[in-house]
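Residue numbering for the sequence shown follows full-length UniProt numbering, starting at 1 and increasing by one per position. Note that the Cβ used here is the ideal one computed from N, Cα and C, for glycine as well.
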Amino acid sequence: MGKPLTGKRKRGHVLRRQKALEPKVHELEKKCLLVRGSKVGPYGLELLRDLRRLRGADNTTLFSRKNDVLPFEDETRMEFLCGKNDCGVFALATHSKKRPNNVVLGRIYDNQTLDMVEIGVTGYQSFEEVLKRTKLAKAIGSQTAIIFQGDEFDKNEDMQTLRSILLDIFRERQVQQVDLTTIDHIVCCSAVDGKVYVRNYVVAYAPDGKKNQSKDGSAEPAKRVGVVDVMGQKIPNVQLIDMGPNFNFVLRRTRLPSTQLAKLALRQPKVSRGPKKVKNVTHDALEGKVGRVHMKRQDTNKLVTRSRFKKALSRGGQKDE
1 MGKPLTGKRK RGHVLRRQKA LEPKVHELEK KCLLVRGSKV GPYGLELLRD
51 LRRLRGADNT TLFSRKNDVL PFEDETRMEF LCGKNDCGVF ALATHSKKRP
101 NNVVLGRIYD NQTLDMVEIG VTGYQSFEEV LKRTKLAKAI GSQTAIIFQG
151 DEFDKNEDMQ TLRSILLDIF RERQVQQVDL TTIDHIVCCS AVDGKVYVRN
201 YVVAYAPDGK KNQSKDGSAE PAKRVGVVDV MGQKIPNVQL IDMGPNFNFV
251 LRRTRLPSTQ LAKLALRQPK VSRGPKKVKN VTHDALEGKV GRVHMKRQDT
301 NKLVTRSRFK KALSRGGQKD E
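Structure follows, in structure tokens:
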């Protein structure tokens, strides 16, 4: 008789799901969970909607109903919501008399809260408000450049954590190479005197100002992009136009990651780099595989320079006689 089964066998879809959740060398884009608190201020609700517009509907999940969630008091509820919706970062908007227009930004690792920051939003200008004035917006699927200005981002660990979280919040996807002409959105975060100013701009490429000569002799405006020479390198001549959303905020409460959890989050799986290189072996197109042998230095004083073979032959001939 066979051994009795002590547990249920995992099905194929469960094994595939577990393998998909394992650490990868190149992780997928982090989805953002946008949650409304039990009470939401006007700035917080507009910020959640504008974050959805900036990141796109595919990379965000916006809750339409209110949720009684307080991550700094009990983070288990937020961890459950992020795990259920497969989101690695979250933004929670709340409002109270003690903390008006409050927004909590955080990250999740392995179904655990990695770190969180709490900010107080002031002077908010929504995307729609700025769009009515400028009539310009970023293109769908375009690249975004994120700029951090100010020495305060390197001042202490709280500001460094804030910069890292903002980078994950505003970043849509990570690429290895970027064409400068495909960047049409700039997110600028400036830290001055304990306050952070967030501005969004549309990149408008300025023409070179030259005239194209048409067939009938009339001059037409050029459609080529202007170029500026910077340190011997030609870069496109661009103009930054306000797009929104624009807002200011101050840093309130923070929760830094634990040392053990931070090490696990930064650990990368081993990458197979192919077969190990064999020393002193090369491959030639003509001779094929060629090896090089290193020998010890030979002492020439111990070499036998006289031939004793001839003397042995002569002795053998005498015996035969």
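Short Cβ contact (8 Å threshold) for residue 179 with residue 203: no
On a Cα-Cα basis, can you pick out the residue from 244, 108, 110 that is closest to residue 133? 244
Are the beta-carbon atoms belonging to residue 93 and residue 54 less than 8 Å from one another? no
Secondary structure of residue 258, DSSP reduced to three states: coil
Taking buried to mean at least 16 other C-beta atoms within 10 Å of its own C-beta, is residue 39 buried or exposed? exposed
Following the continuous alpha helix (DSSP H) through residue 14, name the residue where it begins and the one where it ends. 12-20
Do three or more CB pairs link the region 114-127 to the region 153-165 at distances below 8 Å? yes
Taking just the CA atoms, how far does residue 146 sit from residue 246? 14 Å
Restricting to runs no shorter than 3 residues, where is the beta strand (DSSP E) found entirely within the region 77-132? 89-94, 102-109, 112-125
In whole angstroms, give me the CA-to-CA distance for residue 43 and residue 126. 9 Å
Reduced DSSP secondary structure (H/G/I, E/B, other) of residue 177: coil
For the beta strand (DSSP E) containing residue 63, name the first residue and the last one. 60-66
Any idea if residue 181 is buried or exposed, counting beta-carbon neighbours within 10 angstroms, 16 or more meaning buried? exposed
Environment of residue 278 [buried if 16+ CB atoms lie within 10 Å]: exposed
Distance between residue 232 and residue 120 (C-alpha atoms, nearest Å): 44 Å
Exposed or buried, residue 152, counting other C-beta atoms within 10 Å across all chains shown (16 or more means buried)? buried
Does DSSP classify residue 265 as helix, strand or coil? helix
Can you find the residues in the same chain that come closer than 7 Å, C-beta to C-beta, to residue 30, ignoring five residues on each side of it along the sequence? 88, 89, 168
Excluding the 5 residues preceding and the 5 following residue 197 in the sequence, name in chain order all residues of the same chain whose CB lies nearer than 7 Å to its CB. 190, 248
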